[in-house]
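Notes to accompany the following structure.
In our numbering, the protein residues as written are 34 to 150.
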């Protein structure tokens with residue numbers, strides 16, 4: 034395999050591994066309610082964002098593409114991650130709104146009694 038293929042394969046593996054941990058950490062802080070498709074988009078965006086800095090370093094140090102080109106590659110990856118987060122947001126927003134409607138019981142008689150007003 035060529036040096037470029039090994040570098041790209043290493044970055045992909047890095048992104049898949051650390052993207053999993055980043056996505057899992059994010060889901061622990063705030064759950065995803067809209068299902069597995071949204072989780073996939075969230076995971077892919079996390080993977081891309083995790084590999085931004087390593088991509089710049091590998092591009093400059095190993096592949097010798099130049100700093101400006103490496104930054105442009107990272108910028109393209111960032112834009113792709115934002116594009117992947119758009120369908121995630123479109124799926125997640127209605128699910129969060131439905132969840133909030135279910136959680137909002139309003140002011141009940143028990144609340145009035147326990148408040149002491």
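Each residue gets a CB set at the ideal place from its N, CA and C atoms; glycine is no exception.
Excluding the 5 residues preceding and the 5 following residue 22 in the sequence, name in chain order all residues of the same chain whose CB lies nearer than 6 Å to its CB.
-> Any property of residue 22 remains undetermined from this structure, which presents the chain solely from 34 to 150.
So does the segment 63 to 72 actually touch the segment 35 to 47, counting three or more Cβ pairs closer than 8 Å?
-> The segment 63 to 72 vs the segment 35 to 47: no contact.
Close beta carbons around residue 71, own chain, < 7 Å, minus the five adjacent residues each side | The residue given as residue 71 occupies position 38 in the chain shown. Excluding positions up to five away in sequence, the list reads 65, 121, 124 and 125.
Classify residue 48 as helix, strand or coil using the three-state DSSP reduction.
-> Within the chain shown, numbered from 1, the residue matching residue 48 stands at position 15. In this structure, DSSP gives residue 48 a helical state, which the three-state scheme calls helix.
Residue 110 (DSSP reduced to helix, strand or coil) | Taking the first residue of the chain shown as 1, we reach residue 110 at position 77. Here residue 110 carries a helix assignment [DSSP, helix/strand/coil].
Rounded separation between residue 58 and residue 144 - CA only | Counting from one through the chain shown, the residue named residue 58 turns up at place 25. Counting from one through the chain shown, the residue named residue 144 turns up at place 111. Taking the straight line joining both Cα atoms gives about 35 Å.
With DSSP run on the structure shown, which of helix, strand or coil describes residue 63?
-> On the chain shown, residue 63 is found 30 positions in, with the first residue counted as 1. Judged by DSSP in its simplified three-state form, residue 63 adopts coil rather than helix or strand.
Hey, out of 77, 100 and 83, whose CA is closest to residue 51's CA?
-> Taking the chain shown and counting its residues from 1, the one referred to as residue 51 is at position 18. Out of 77, 100 and 83, 83 has the C-alpha closest to the C-alpha of residue 51.
What's the C-alpha gap between residue 114 and residue 130?
-> Position 81 of the chain shown, counting from 1, holds the residue named residue 114. Position 97 of the chain shown, counting from 1, holds the residue named residue 130. Cα to Cα, residue 114 sits roughly 24 Å from residue 130.
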